[in-house]
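Student: One structure follows; several queries about it will come next.
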Amino acid sequence: MCRFRPLKESEVTPGDKYVGKFQGEDTVMIASKPYAFDRVFQSNTSQEQVYNDCAKKIVKGIQRNHICVWTDLLWEDAYSGG
């Protein structure tokens, strides 16, 4: 899965634009090179749609099989520049 977030105001003001060109629901072209995924979500896709298309099936499978998933994610906050 690949999801493009909406541009922030600080990116829109100077005129930044997406470099990716979307082709269907599974491919994005960047610098004329195709990148294929199971699904590509454009920036106007809601969080609910991403959840329904991707995570909902996983969550239902976990609930049905009484499985516990423990995750520990580390990531930089893109909004704070940190």
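At position 2 of the sequence shown (counting the first as 1) the number is 32 in the numbering used here, and the numbers step up by one without a gap. C-beta: ideal position from N, C-alpha, C; glycine also. As the structure is a computational prediction, the values presented were derived from the model and not from experiment.
#1: Is GLU8 near VAL42, with beta carbons less than 8 Å apart?
#2: Near ARG35, what residues of its chain come up, given a Cβ to Cβ distance below 8 Å and the 5 sequence neighbours on each side ignored?
#3: Hey, GLY50 and ILE60 are a contact pair by Cβ (cut 8 Å); roughly how many whole angstroms apart?
#4: May I have the straight-line CA-CA distance separating GLN53 from ILE92, to the nearest angstrom?
#5: How many Å lie between VAL80 and LYS90 at the Cα?
Tutor: According to the structure shown:
#1: Residue 8 cannot be examined here, being either before or after the span of the chain that is shown, 31 to 112.
#2: Here the question's residue 35 lines up with position 5 in the sequence shown. For ARG35, where only same-chain residues beyond five positions count, the Cβ hits under 8 Å are SER73.
#3: Numbered from its first residue, the sequence shown carries residue 50 at position 20. Numbered from its first residue, the sequence shown carries residue 60 at position 30. Yes, they are in contact, since the Cβ atoms of GLY50 and ILE60 sit about 5 Å apart, within 8 Å.
#4: As a first step, residue 53 is located in the sequence shown; it is residue number 23 there, counting from the start. As a first step, residue 92 is located in the sequence shown; it is residue number 62 there, counting from the start. If I take the Cα positions, the gap works out to 32 Å.
#5: Indexing the sequence shown from 1 puts residue 80 at position 50. Indexing the sequence shown from 1 puts residue 90 at position 60. VAL80 and LYS90: Cα-Cα distance of roughly 15 Å.
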